[in-house]
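For reference, the structure discussed in these notes is given below.
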Amino acid sequence: MSEVKLRETAEKHAAAVIAGDVESVLSDLDPSLHEQIPAMVAAMPQSLSGAELSSLTAEATGGTTETRYIGSSGSIVVRATWELRGDRYVVTAAAPVE
Numbered sequence: 010m011s012e013v014k015l016r017e018t019a020e021k022h023a024a025a026v027i028a029g030d031v032e033s034v035l036s037d038l039d040p041s042l043h044e045q046i047p048a049m050v051a052a053m054p055q056s057l058s059g060a061e062l063s064s065l066t067a068e069a070t071g072g073t074t075e076t077r078y079i080g081s082s083g084s085i086v087v088r089a090t091w092e093l094r095g096d097r098y099v100v101t102a103a104a105p106v107e
C-alpha cells in the first residue's frame, strides 16, 4: 500500500473521531486497543472541532502518523502505529505525544 492510502485512512479516522462515529473508530482499531479507549477519550480536548495530520511515515507493511486533535479546551497530538492487514490499515498502537 502507498503513503497516499495511509494518509487517506488516517484522515478518515481523524474525521470519525471528531464526528463521534464510534463504529468507524472501532473498526480502525485492533481489538487489543479497545480497553485503552476510555483513557484516550479522557485525554482528548473537549468539543473537538478539528484535526491536522502533522506527521506520516509509510513503510511497506504499515506506518506511523501523528495527528493533532483540536478542541475548545486545547489540543493533543496522538501518535498511531498502523499495520497493513489485507487491503486496509489498522491502528495497532496509539498514545498521546508528550
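Numbering-wise, the numbering used here comes out as the position in the sequence shown, counting from 1, plus 9. Ideal Cβ positions, reconstructed from N, Cα and C, are used throughout, including at glycine. Note that this is a predicted model, so its numbers are computed, not measured.
Supposed close pair residue i, residue j - CB separation, criterion 8 Å
i, j, result
"Thr76", "Thr90", "Not quite, the Cβ-Cβ distance comes to about 12 Å (not below 8 Å), so this is no contact."
"Glu12", "Leu65", "7 Å"
Cα-Cα separation, residue i to residue j
i, j, result
"His43", "Pro105", "16 Å"
"Thr18", "Gly80", "21 Å"
"Ala24", "Glu32", "12 Å"
"Gln45", "Arg88", "14 Å"
"Glu20", "Gly95", "19 Å"
"Asp37", "Glu107", "23 Å"
"Leu122", "Asp39", "This structure does not reach residue 122, given that the chain is present from 10 up to 107, and the question cannot be answered."
C-beta contact flag for residue i and residue j at 8 Å
i, j, result
"Gly72", "Ile27", "no"
"Gly29", "Pro54", "no"
"Leu15", "Tyr98", "yes"
Buried or exposed (CB count within 10 angstroms, at least 16 for buried), residue i
i, result
"Ala67", "buried"
"Thr74", "buried"
"Ala51", "exposed"
**Request:** Mind listing, in chain order, the continuous alpha helix (DSSP H) runs of no fewer than 4 residues lying wholly within the segment 44-73?
**Result:** Here the runs fully enclosed are 46-52.
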